[in-house]
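Here is the structure we will look at, set down as structure tokens.
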Amino acid sequence: RVVRLKSGDPLVFGRAGEEMAALREAGIAYEVVPGVTAAFAAAADFELPLTLRGVTSSMVFTTGHDLKGNSLPDWAKLAISGATVAVYMGRSVAAEVAGRLIEAGLSPDTAVAVVENASLGNRRRFHGTLADLPSLEARADLTGPVMTIIGDAVAGANFEQSEPLAAHTREDTAGVAAEGVEQ
Numbered sequence: 100r101v102v103r104l105k106s107g108d109p110l111v112f113g114r115a116g117e118e119m120a121a122l123r124e125a126g127i128a129y130e131v132v133p134g135v136t137a138a139f140a141a142a143a144d145f146e147l148p149l150t151l152r153g154v155t156s157s158m159v160f161t162t163g164h165d166l167k168g169n170s171l172p173d174w175a176k177l178a179i180s181g182a183t184v185a186v187y188m189g190r191s192v193a194a195e196v197a198g199r200l201i202e203a204g205l206s207p208d209t210a211v212a213v214v215e216n217a218s219l220g221n222r223r224r225f226h227g228t229l230a231d232l233p234s235l236e237a238r239a240d241l242t243g244p245v246m247t248i249i250g251d252a253v254a255g256a257n258f259e260q261s262e263p264l265a266a267h268t269r270e271d272t273a274g275v276a277a278e279g280v281e282q
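If you're matching positions, the sequence shown starts at 100 in the working numbering and goes up one per residue.
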């Protein structure tokens, strides 16, 4: 017997699709045991409802970049959707994500929650606004997986145990949000 352990849920950005296809092709029986995806773990760390009656009724899971390093997805559609957006693996493209969402019409004051090492004992929590999000790229002390949650429902989170993102901004925070956006 072989066990492949994956943190989070193997069916959410966990390459399970590729692995299941290879196992099926090889005629190997397998079982998928669901886990708790990082977006749900991060939301629990903040006591943050990802959907909130009268505020948002949908959410989107996305990754910060594709296999070629290109930024994903269509940020303009996300900005106008009103959905809570959970960005997996997005620390290195935080400025681009913020810039594209702001350029597409999302308010720079939109609430943001960030968790490094969601659900673990060494987790760290940060909060701020979309305008503060680019400061993530400047943080050399973040070495674990980072989950970013953006949207109006985030404003209702419990921020008592978190640090402000703005405490770690680059020298020119105002210009950083637009750095990742091609003019």
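C-beta atoms are modelled at their ideal positions from N, C-alpha and C, and glycine is treated no differently.
Being a predicted model, the structure only gives us computed values, none of them experimental.
V192 carries a helical assignment under DSSP once its states are collapsed to helix, strand and coil. Excluding the 5 residues flanking it on each side, S218 has same chain C-beta neighbours closer than 6 Å at A140, in chain order.
Here I179 is exposed, its C-beta having fewer than 16 other C-beta atoms within 10 Å.
In this model, L229 and F160 are separated by some 17 Å (Cα to Cα). Residue environment for G243: exposed (fewer than 16 other C-beta atoms within 10 angstroms of its C-beta). When the alpha-carbon of Y129 is set against those of T209, G116, A138, the nearest one is in G116. In the three-state DSSP reduction, G116 falls in the helix class (H, G or I). Taking C-beta atoms under 8 Å as the contact rule, Q260 and R238 fail to qualify, at a distance of about 18 Å.
By DSSP's assignment, G227 forms a beta bridge with V211. When DSSP states are grouped into helix, strand and coil, A140 belongs to the helix group. R190 counts as buried, since no fewer than 16 other beta carbons sit within 10 angstroms of its beta carbon.
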